[in-house]
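Residues 1 to 387 in full-length UniProt numbering are what the sequence shown spells out, letter by letter. Glycine residues also receive a C-beta, built at the ideal position from the N, C-alpha and C atoms.
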Amino acid sequence: MHERDREPRGHSRRRFIATTAALGVGALAGCTGGDEETETTTEAGANESVGQIGSGRSPFGDRDITGGVSVAEMPDLSGELTLYSGRGQALVGELISFFEEYYDEFTIRPRYNSAAELVNQIQTEGQNSPADVFFSVNAGSLGALKDAGRTQELPSDVLDLVRDEFHDPDGQWTGTSGRARTVPFNTDQFDESDVPDDIMAFPDTEAFRDNIGWAPTYSSFQAFVTAMRVLEGEDATREWLQGMQDLGVTEYNDEFLVSQAVADGEIGAGFANHYYIQRILAGRPNAPLSTAFTAGDAGSIFNVAGALVLDSTDDAELASNFVRHLLSAEAQDYFARTTFEYPLVSGVDPIGELPSIDELSPPESLDLTQLSDLEGTVELLREVGVL
1 MHERDREPRG HSRRRFIATT AALGVGALAG CTGGDEETET TTEAGANESV
51 GQIGSGRSPF GDRDITGGVS VAEMPDLSGE LTLYSGRGQA LVGELISFFE
101 EYYDEFTIRP RYNSAAELVN QIQTEGQNSP ADVFFSVNAG SLGALKDAGR
151 TQELPSDVLD LVRDEFHDPD GQWTGTSGRA RTVPFNTDQF DESDVPDDIM
201 AFPDTEAFRD NIGWAPTYSS FQAFVTAMRV LEGEDATREW LQGMQDLGVT
251 EYNDEFLVSQ AVADGEIGAG FANHYYIQRI LAGRPNAPLS TAFTAGDAGS
301 IFNVAGALVL DSTDDAELAS NFVRHLLSAE AQDYFARTTF EYPLVSGVDP
351 IGELPSIDEL SPPESLDLTQ LSDLEGTVEL LREVGVL
């Protein structure tokens with residue numbers, strides 16, 4: 001890496017941080033879809049949109065970043081790059097635009113869709129795919145492209161920016177931000193001690209009869225079920241899914257709506273990624289909503305959004321350096337503020353009342369590369385009548 005002694009177009013690290021704190025709500029109102037990045041717009045107005053999309057970052061103000069590598073210390077980006085993004089424009093578009101504006105001779109051509117659709121598109125396009133980089137909401141989609149032989153190894157100094165458990169052991173992809181599976185619960189109905197710390201115990205918990213929700217079409221939920229298949233086996237996972245249906249679980253279109261229903265008292269608990277609770281609390285700090293965690297099981301997996309370089313790229317160096325920029329201190333702070341995810345670079349802290357990564361209890365025997373069999377999970381969900 002080399003030093004930069006100029007501030008392109010007036011941008012600096014400090015200005016970037018201030019800009020992300022002041023982004024407007026309007027540009028972040030998303031569309032619907034099967035991935036957690038395509039948010040559902042509510043009808044309740046601006047205040048709920050703030051909580052939904054995560055633009056409630058303004059109460060946290062500016063903060064100093066002591067860790068990570070600044071964009072100013074990274075290699076310049078120059079040329080044209082086609083980005084297939086399974087992360088929605090509503091949440092990452094500002095970050096992508098920043099990189100394009102920061103470098104005078106750099107152009108990004110983003111294509112946004114669900115991660116699953118983009119994986120299928122890349123496979124269909126074969127070596128004629130224009131994609132240079134794939135940006136995914138989960139490790140499963142990254143692993144699917146690796147398994148198909150459509151990736152190439154990232155430079156070791158890019159991989160070294162995150163801990164070993166957050167990138168592919170063969171160096172084919174890296175995580176860029178993290179998301180923990182959690183149990184949002186209504187504090188008017190339950191204490192944290194009322195929520196089981198064993199995910200397999202939920203179907204037998206009578207307090208949740210007709211009082212718990214899930215979003216089975218969501219990619220994060222399907223990754224969770226995939227983890228259960230790996231850890232508990234096919235038969236136990238089938239029994240768990242059937243038990244939850246017998247318990248009277250309520251289905252929602254996405255996990256923000258699950259968390260919102262918990263906050264509204266419509267249901268007492270649910271299954272969701274951690275950041276949905278934080279987004280709601282940013283806009284509604286007095287909502288009776290809190291976060292519980294299971295331990296050492298599929299309900300406590302720590303998944304990652306991440307990126308990889310396609311084998312069809314014409315400029316592997318540019319593509320790898322773009323992935324490097326997603327791990328810059330500024331980008332990591334952006335993920336913390338804007339999507340309430342866990343930054344993966346040491347020294348950049350998450351936002352909100354969250355345990356640190358090291359305080360979480362994900363299953364020790366699970367490797368994120370084992371989450372690539374989403375197709376088998378969808379087949380099981382259809383078999384038991386969940387989908």
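Exercise. Do the CB positions of residue 163 and residue 301 come within less than 8 Å of each other?
Worked result: The sequence position of residue 163 within the sequence shown is 163, counting from 1. The sequence position of residue 301 within the sequence shown is 301, counting from 1. It is not a contact, given that the beta carbons lie outside the stated cut-off.
For this session: Pick out the complete beta strand (DSSP E) segments inside the region 61-96, 3 residues or longer, and give them in chain order.
Result: 79-85
Exercise. When burial is assigned at 16 or more other CB atoms within 10 Å of the CB, is residue 343 buried or exposed?
Worked result: Position 343 of the sequence shown holds residue 343. Buried, by the Cβ-count rule.
Exercise. The beta strand (DSSP E) spanning residue 156 covers which residue range?
Worked result: In the sequence shown, the residue the question calls residue 156 occupies position 156. No beta strand (DSSP E) contains residue 156, which is instead part of the alpha helix (DSSP H) from 156-159.
Exercise. So, is residue 97 buried or exposed, given that buried needs 16 or more other C-beta atoms within 10 angstroms?
Worked result: Stepping through the sequence shown from its first residue, residue 97 is reached at position 97. Residue 97 should be labelled exposed.
Exercise. Quick one: what does DSSP say residue 211 is sitting in, helix, strand or coil?
Worked result: Along the sequence shown, one-based indexing puts residue 211 at 211. Here residue 211 sits in coil by DSSP.
Exercise. So, helix, strand or coil for residue 153, using DSSP?
Worked result: If you number the sequence shown from 1, residue 153 lands on position 153. Coil, per DSSP.
Problem set entry | CA nearest to the CA of residue 286, picked from 364, 188, 332 | Taking the sequence shown and counting its residues from 1, one reaches residue 286 at position 286. The option with the nearest alpha carbon to residue 286 is 188.
Problem set entry | Cα-Cα separation between residue 100 and residue 280, rounded to whole angstroms | Looking up residue 100 in the sequence shown gives position 100. Looking up residue 280 in the sequence shown gives position 280. If you take the alpha carbons of residue 100 and residue 280, they lie about 31 Å apart.
Problem set entry | the region 105-121 touching the region 69-84, judged by at least three CB pairs closer than 8 Å | yes
Exercise. From which residue to which residue does the alpha helix (DSSP H) around residue 140 run?
Worked result: Taking the first residue of the sequence shown as 1, we reach residue 140 at position 140. Looking at the DSSP string, the run of the alpha helix (DSSP H) that includes residue 140 is 139-147.
Problem set entry | As assigned by DSSP and simplified to three states, the class of residue 270 | Taking the sequence shown and counting its residues from 1, one reaches residue 270 at position 270. Three-state DSSP puts residue 270 in a strand.
For this session: Can you check DSSP and say which residues form a bridge with residue 355?
Result: Within the sequence shown, residue 355 is the residue found at index 355, counting from 1. Paired residue(s): none; residue 355 is not in a bridge.
Problem set entry | Straight-line gap, residue 350 to residue 340 (C-alpha atoms, nearest Å) | Counting from one through the sequence shown, the residue named residue 350 turns up at place 350. Counting from one through the sequence shown, the residue named residue 340 turns up at place 340. Cα-Cα distance, rounded: 7 Å.
Exercise. Would you call the CB atoms of residue 251 and residue 216 closer than 8 Å?
Worked result: Position 251 of the sequence shown, counting from 1, holds the residue named residue 251. Position 216 of the sequence shown, counting from 1, holds the residue named residue 216. It is a contact, given that the beta carbons lie within the stated cut-off.
For this session: Please report the Cβ distance between residue 347 and residue 151, rounded to the nearest whole angstrom; I am assuming they are in contact, meaning their Cβ atoms lie under 8 Å.
Result: Looking up residue 347 in the sequence shown gives position 347. Looking up residue 151 in the sequence shown gives position 151. In fact, because the Cβ distance is near 28 Å, the residues do not count as touching under 8 Å.
Exercise. Among residues of its own chain, excluding the 5 on either side of residue 119, which ones have a beta-carbon nearer than 7 Å to its beta-carbon?
Worked result: Sequence index remark: in the sequence shown, residue 119 carries index 119 (1-based). Around residue 119: 141, 144, 145.
For this session: Taking only heavy atoms of the ligand ATP into account, decide whether any of them is closer than 7 Å to the Cβ of residue 69.
Result: Looking for the ligand ATP in the displayed structure turns up nothing, as the structure carries no ligands at all.
For this session: With a threshold of 16 other CB atoms inside 10 Å of the CB of residue 270, please say whether the residue is buried or exposed.
Result: The residue labelled residue 270 in the question sits at position 270 within the sequence shown. Classification of residue 270: buried, given that the 10 Å Cβ count is 16 or more.
Exercise. In terms of DSSP beta bridges, what is residue 109 paired with?
Worked result: Within the sequence shown, numbered from 1, the residue matching residue 109 stands at position 109. BP columns for residue 109 point to 82.
For this session: Look at the alpha carbon of residue 307 and the alpha carbon of residue 212, and state the distance between them as a whole number of angstroms.
Result: Translated into positions along the sequence shown, residue 307 becomes position 307. Translated into positions along the sequence shown, residue 212 becomes position 212. Rounded to whole angstroms, residue 307 to residue 212 spans 33 Å at the Cα level.
Exercise. Taking the DSSP output, what are the residues bridged to residue 130?
Worked result: Stepping through the sequence shown from its first residue, residue 130 is reached at position 130. Residue 130 is not bridged to any residue.
For this session: Please name the residue, chosen from 169, 177, 231, 381, that lies closest to residue 299 on a Cα-to-Cα basis.
Result: Taking the first residue of the sequence shown as 1, we reach residue 299 at position 299. Looking at the Cα atoms, 231 is the closest of the given residues.
Exercise. Taking DSSP as the reference, what is the three-state secondary structure of residue 255?
Worked result: One-based indexing of the sequence shown puts residue 255 at position 255. In the structure shown, residue 255 sits in a helix (DSSP, three-state: H, G or I).
Problem set entry | Range of the contiguous alpha helix (DSSP H) that encloses residue 376 | If you number the sequence shown from 1, residue 376 lands on position 376. Note, residue 376: alpha helix (DSSP H), 374-383.
Exercise. Could you give the residue range of the beta strand (DSSP E) that holds residue 243?
Worked result: Residue 243 sits at position 243 when you count from the first residue of the sequence shown. Where residue 243 is concerned, there is no enclosing beta strand (DSSP E), although the alpha helix (DSSP H) it sits in stretches over 234-247.
Problem set entry | Min CB distance residue 204 to chain D below 8 Å | Protein chains in the displayed structure number just one, and chain D is not present.
For this session: Could you check the C-alpha separation between residue 111 and residue 381 for me, to the nearest Å?
Result: Translated into positions along the sequence shown, residue 111 becomes position 111. Translated into positions along the sequence shown, residue 381 becomes position 381. Between residue 111 and residue 381, the C-alpha separation is close to 29 Å.
Exercise. Grouping DSSP H, G and I as helix and E and B as strand, with all else coil, what is residue 203?
Worked result: By one-based count along the sequence shown, residue 203 stands at place 203. Helix.
For this session: Would you mind listing the alpha helix (DSSP H) stretches within the region 300-329 that are 4+ residues and don't spill past its ends, in chain order?
Result: 316-325
Exercise. Quick one, which of 375, 326, 355 has its alpha-carbon nearest residue 92's?
Worked result: Working through the sequence shown from its first residue, we reach residue 92 at position 92. The candidate whose alpha carbon is nearest that of residue 92 is 326.
Exercise. Grouping DSSP H, G and I as helix and E and B as strand, with all else coil, what is residue 119?
Worked result: Counting from one through the sequence shown, the residue named residue 119 turns up at place 119. Of the three classes helix, strand and coil, the one that applies to residue 119 here is helix, per DSSP.
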